[in-house]
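Comments concern the structure below.
There are 2 protein chains.
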Amino acid sequence: MAAVVLTGAEVDQTAGLLTLRERQSFALLATAETHAALAANPIFGVLDAGVVRRETVALNKSFALPGGLQAELFAVPGKIALYLEGADPQLDAETGANVGVEIACGLRRLLYVPGAAGVTAPLHQRLLRADAVLFDGTLFADDEMVANGTGPKTGRRMGHMPLDGEDGTLAALGAYKARRILTHINNTNPILIEGSPERRKVEAAGFEVAEDGMEIVL
Amino acid sequence: MAAVVLTGAEVDQTAGLLTLRERQSFALLATAETHAALAANPIFGVLDAGVVRRETVALNKSFALPGGLQAELFAVPGKIALYLEGADPQLDAETGANVGVEIACGLRRLLYVPGAAGVTAPLHQRLLRADAVLFDGTLFADDEMVANGTGPKTGRRMGHMPLDGEDGTLAALGAYKARRILTHINNTNPILIEGSPERRKVEAAGFEVAEDGMEIVL
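Spelled out as structure tokens, the structure:
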């Protein structure tokens, strides 16, 4: 492993770094906002600066990744990490705190967008040219956590558009040529159950459900 | 799960808390030193104060745990967490930053001591009365990480006495009636290999090697 690219500072994006602390050398690439969130937590100091190079990446500027890849971070509507929220966080801010990654190898492009509160015009342009997209599949229904009693928040309150509904991801991403793969799927999301009506609905709409160990050939 | 008791603030003791952030209610019991280390890291704010009760425990004072258990934290020689180290950390300090737990149910007592730079007189007294001890088994030889090139530190530099040698754990814990089980075993430690000379040596000395899912009946 030569590099880690972060799309935000949320626990599910950063806690894994703590298991990479055993003097393994790699580059840690993220926006200034994400690096600042890490720097404010002394526990990430276990990533020894002599071993892990923290490199700040600007939005919408291409940078090289090992293996002949080019990558670019871009703002996606969303919110800052839970532990950085104030009393009334903006849920669809477009900043370096919540980004997607476009990875290019020659003419092939992969988009990775694990958290999106909506699809903006710039994101639409990237979706148009992508060959494959890994996209936010957090909740199927915006209120599913409220409905099943697992939490008081809607998906939109967490900065995620739902899959279902008029304003949902299935509708928003229905028209692209890219292979569309859902990721960042909450454990309440019924698309995780093979054969469920919700799973059949996303499959009928042409979406795949990501799984551990998945290999994507472009 | 009703309670979590921390013996320190090191990554391997605290990072797991980040996966318990899904509005699961429990008591988080630790010394003032350990709670301060958590409080200095905003990321642990994902453990919502309305759901997780942080309770500070004094050393050498019994407190109740759910299920009719009594517990007590006590200082064990060791050092503070890696990310709190200054230039020259004390390696065998006896403070609330590195503790053991004595858990009692009726007349039965279990000791859990995952990090120990030595065996002090008070620890000796607790070992004498214990029925079972889970004890620091980090390294077999003090210099094994240096010798095999995985890192520049000795076990003692990390606040852990080695298993082997005159001043090692096998010698220090040889004379107690308690069932002795080694835990907190580094991935360089050859006792993890069944049938290795080192594994046979610890077994011949009457020690067991802890494993995932182990059940201990007192």
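Top to bottom, those sequences are chains Y and X. Note that this note's numbering numbers the first sequence so that position 205 is 444, with each residue one more than the last. Note that this note's numbering numbers the second sequence so that position 51 is 290, with each residue one more than the last. Just so you know, even glycine gets a beta-carbon here, dropped at the ideal spot from N, CA and C.
query, result
"Near-chain Y residues of the region 275–295 of chain X (beta-carbon distance less than 7 Å), N- to C-terminal order", "A279, N280, P281, I282, G284 and V285"
"X/A355 versus X/A242, X/G247, X/A241 and X/M240, residue with shortest Cα-Cα distance", "X/G247"
"Host alpha helix (DSSP H) of Y/E442 (start-end)", "P436 to A443"
"Interface residues of chain Y facing X/G434 [CB-CB closer than 8 Å]", "Within 8 Å Cβ-Cβ: nothing; X/G434 doesn't reach chain Y, min ~26 Å."
"The alpha helix (DSSP H) enclosing Y/V250, as first and last residue numbers", "V250 to T253"
"Against chain X: residues of the region 361–391 of chain Y by CB proximity under 8 Å", "T389 and G390"
"Under 7 Å between C-beta atoms of X/R395 and X/D381", "yes"
"Validate contact between the region 293–305 of chain Y and the region 269–279 of chain Y using beta carbons, cut 8 Å, 3 pairs", "yes"
"Residue environment, X/M384, which counts as buried when at least 16 other CB atoms sit within 10 Å", "buried"
"Any chain Y beta carbon closer than 7 Å to X/R396", "no"
"Status (buried if at least 16 other CB within 10 Å, exposed otherwise) for X/T258", "exposed"
"Within chain X, partners of Y/A254 - CB distance below 9 Å", "A254, L257, T258 and I282"
"Within chain Y, partners of X/V250 - CB distance below 7 Å", "L257, R260, I282 and V285"
"Where X/L277 sits in the DSSP three-state scheme", "helix"
"Contacts of X/Y322 in chain Y (Cβ-Cβ under 8 Å)", "P281, I282, F283, G284 and V285"
"Residue of Y/G306, Y/L330 and Y/A336 minimising C-alpha distance to Y/A276", "Y/A336"
"C-beta atoms of X/F374 and X/V352 nearer than 7 Å", "yes"
"Rounded C-alpha distance that separates Y/Q329 from Y/L321", "12 Å"
"Sequence-distant residues of its chain with Cβ nearer than 6 Å to X/L464 (five each side left out)", "This structure leaves residue 464 of chain X out entirely; chain X is present only between 240 and 457."
"Proximity winner among X/I319, X/F313 and X/R260, relative to Y/V285 (alpha-carbon distances)", "X/I319"
"Residue range of the unbroken beta strand (DSSP E) whose run includes Y/T246", "Y/T246 -> no beta strand (DSSP E), and no H or E assigned at all."
"Rounded straight-line distance, which links the Cα of X/M400 to that of X/G413", "14 Å"
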